[in-house]
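Protein chains in written order, with the UniProt record's numbering: chain A, 1 to 194; chain B, 1 to 194; chain C, 1 to 194; chain D, 1 to 194.
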DNA sequence: TATGAATGAGACTTCATTCAT
DNA sequence: AATGAATGAAGTCTCATTCAT
């Protein structure tokens, strides 16, 4: 893909995200998207093979951004517990920022009966966090009797789902910081080596 | 609603669940549903105001079944850790049994931009498990420094999401029993009073 | 099919024939047809599964009319040579009357890569004429050394194609009656028992 | 047209014939053709003014090939009945070889509502065969009471349509040789001077 | 209460053609 | 002469919903 065509791809993707976030996937027509992107109807199909192919593209885009942010705020020098705290906070932040996109990814991936794709898209993030956990085990910050793969995914899902319940499900049983603190404590009690 | 009309309501709902589970919400037409239910096109609208009104009805139906099963397997005499084990197992079982319905609830609720409804539908289940936790605190089986509401939801979501990743996301990093065991241990380490 | 729905089927078919005859198959949209038939867009699809399904229906309709006319003008008392003369004349008449429909059948069946259907549709007409020939053999009006099936089809095609060249191909190397006479003589010389 | 541009014209035409033969005229896009020809989208329009202009070009190409073959197999020394036999056989051969192209010519010419063009394209072939017939009359091989023009066309159409019914319509009431023999006999009985 | 034919808006997608490079 | 990205009109078909019976 040339630089110019990549630009157009991004332009379409951005327009799609914006429109679909507002109106929902099913209520958005290609016509809406191209109008918003300022291109012709047919041009859309030069960059995406179909309407439904937008969803994985959007999901991918979302995780890329999220993951970038994680890597940005977390330093290699941070202890595991600092990392955890930062990851929780960042998860809440990105969930708030991108809640509409998250919703459409849920619906989209569900629509396409392709929940498996989540796993593929999440792979780099899982891997990154797995390494943090392995390091923490090595540094004896956390116990070594866990299944690292499973625990990684449990933690990430715990953070994400709680944040989603808070921002998307509008579940407000406590303040945001208390939510974050409660997750942190829950995990710390479970994994701490001391 | 008379008994007879309730029967027809159920007949339509069952047909809807079956067809939508197979084909997905968007690919299912009212025509498909009424054919499967053996009624006329117009009759559908005597029982449901619209196609989209099926989704909350189905979600409600799903939670009702799940919750019934929970209450059935769990005895009041069970210790909290027995309860937890049973609840985890039952969650995995129902997730496997109803994975198609779960998917359609995800997509459906997302479609309707009404994730909040989940919370309402889940209310009775949350409440029931909250009581179990409060009892466990009282019996000094688990620590008393937690936020009960938040912890309840975290646990339930932890179980459900892991089960969904396993059965729907086809994530198979370990055997099913190991998944269940890992969740159990994770929670136990975090909450156990000893 | 009830009487009323049969009426609507015919109404659509007539509208389709008329519009497609004028504009050609490819240049005709369903929208044109339903407008001409005075029905709603969707109604079309209650009676025909697709646009292309019109073609066999039209072809069938055409042959039905043609065949009816043949049976009407030809009497059981007619000698074979009278029958032949009448069939040639009728072929020319119907070709002139329905030349637009004939064109669309050609294009349509060709488009659908389903030339074989012609044979099926023509079956009753072929059969009827075959019997005439068999009778003529029995009555020793024509020779008995021919392959009846093949000869039947050759004769019918000879008549039809010549008529089509005359009316559709606008080939006017002679007067219409001369064309008819030439076909008649050609066949008579070939088959006459004397 | 320079030699080089003629080559490219042919390349496009060949590609068009091949692709349209496979997929049918309507299902073939210019995009398919240029891909197959290995040229750019816009280049097509340097050699053909429009998609539909391909059809007469293809038809012309088809008849050129067919006619070349006829002239090749038929010798000036052949008696009329030898010529007839050879022409019938060749007609069957080319019909088999080019059945897809024939179909597309039918549909194409019909699409364009320009059946008359057939006559123009066929002109040289008609003329050639007419001369054969005139010669046969002169040599008293066949009777002289026929209309040469009309009879020529009847014979050619008889051969072609029978071959088309056999190879395209998949009408198999007898073996191929029997079909050819039956046509031959039919014509011979009709025209033979003895 | 039940029916099911009719509606008609609107969606996705294709593709012949153009034109700036 | 050649390219190929962009255009945007147009087409087929679906389907939730209505309403006369």
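Idealized CB from N, CA, C, for every residue including glycine.
Asked	Found
Below 7 Å on C-beta distance, what does residue 161 of chain B contact in chain A?	157, 161
Chain B beta carbons: is any one of them nearer than 8 Å to that of residue 118 of chain A?	yes
Return the bridge partner residues of residue 75 of chain A from the DSSP annotation.	None; residue 75 of chain A has no bridge partner.
Assess, as a yes-or-no matter, whether the region 170-180 of chain C is touched by the region 164-181 of chain D under the definition of 3 or more beta carbon pairs within less than 8 Å.	no
Which residues bound the alpha helix (DSSP H) around residue 168 of chain A?	Careful: residue 168 of chain A lies outside any alpha helix (DSSP H) and carries neither H nor E.
At a Cβ cut of 7 Å, what residues of the region 17-50 of chain A count as close to chain B, listed as they run along the chain?	24, 26
Which residue's Cα is closest to the Cα of residue 46 of chain D: D/95, D/115, D/89, D/12?	D/12
Strictly under 8 Å for the Cβ-Cβ distance: is residue 151 of chain B near chain A by that measure?	yes
Whose C-alpha, out of D/188, D/49, D/116, D/91, is nearest the C-alpha of residue 65 of chain D?	D/91
Between the alpha carbons of residue 7 of chain D and residue 37 of chain D, how many angstroms are there, rounded?	12 Å
Measuring CB to CB, does residue 183 of chain C end up less than 8 Å from residue 159 of chain C?	yes
Inspect the beta-carbon positions of residue 148 of chain D and residue 130 of chain D and report whether they are closer than 8 Å.	yes
Looking at residue 30 of chain C and the ligand SAM, is the gap between the Cβ and the nearest heavy atom below 7 Å?	With respect to the ligand SAM, the structure shown offers nothing to examine, as it has no ligands at all.
One question on the structure: do residue 72 of chain A and residue 122 of chain A come within less than 8 Å of each other, judged by their Cβ atoms?	no
Does the Cβ of residue 77 of chain B have 16 or more other Cβ atoms within 10 Å, making it buried, or fewer, making it exposed?	exposed
Ordered along the chain, which non-local residues of its own chain (more than five positions away) have a Cβ less than 6 Å from that of residue 86 of chain C?	73, 74
Under 6 Å Cβ to Cβ from residue 28 of chain D, same chain only, skipping five residues before and after it: list those, please.	19, 20
Grouping DSSP H, G and I as helix and E and B as strand, with all else coil, what is residue 146 of chain A?	coil
If we call anything under 8 Å between Cβ atoms a contact, is residue 168 of chain B one with residue 152 of chain B?	no
Residue 192 of chain D by DSSP, collapsed to three states: which one?	strand
Which two residues bound the contiguous alpha helix (DSSP H) that contains residue 85 of chain B?	80-97
Who are the neighbours of residue 125 of chain D on chain C, taking C-beta pairs under 9 Å?	Those within 9 Å of residue 125 of chain D in chain C number zero; the least Cβ separation is about 14 Å.
Would you mind working out which of A/180, A/157, A/136, A/181 sits nearest residue 192 of chain A, comparing C-alpha positions?	A/136
Looking only at its chain, what residues have a beta carbon closer than 7 Å to the beta carbon of residue 54 of chain B, apart from the 5 residues adjacent to it on each side?	16, 48
Contact criterion: CB-CB distance below 8 Å. Does residue 147 of chain D meet it with respect to chain C?	yes
Using a C-beta to C-beta distance shorter than 9 Å, which residues of chain A count as neighbours of residue 70 of chain B?	None at all; the shortest Cβ gap to chain A is about 20 Å.
Could you work out which residues of chain B lie near residue 178 of chain A, taking near to mean beta carbons separated by less than 8 Å?	147, 150
Ignore the nearest five residues each way along the sequence and tell me which others in residue 142 of chain D's own chain have a CB closer than 6 Å to its CB.	136, 191, 193
In chain A, which residues lie less than 7 Å from residue 129 of chain B when you measure between Cβ atoms?	Here the premise fails: no neighbours, minimum Cβ distance about 14 Å.
Use the C-beta contact count for residue 95 of chain D: other C-beta atoms within 10 angstroms, 16 or more gives buried, fewer gives exposed.	buried
Would you decide whether residue 180 of chain B is buried or exposed? Buried here means 16 or more other CB atoms lie within 10 Å of its CB.	buried
Thinking C-beta only, is residue 30 of chain D closer than 8 Å to residue 199 of chain D?	No information on residue 199 of chain D is available, as it lies outside the stretch 1 to 194 that chain D covers here.
Flag residue 85 of chain D as yes if its beta-carbon sits less than 8 Å from any beta-carbon of chain C, otherwise no.	no
Helix, strand or coil, according to DSSP, for residue 121 of chain A in the structure here?	helix
Going by DSSP, what residue range makes up the alpha helix (DSSP H) through residue 10 of chain D?	3-23
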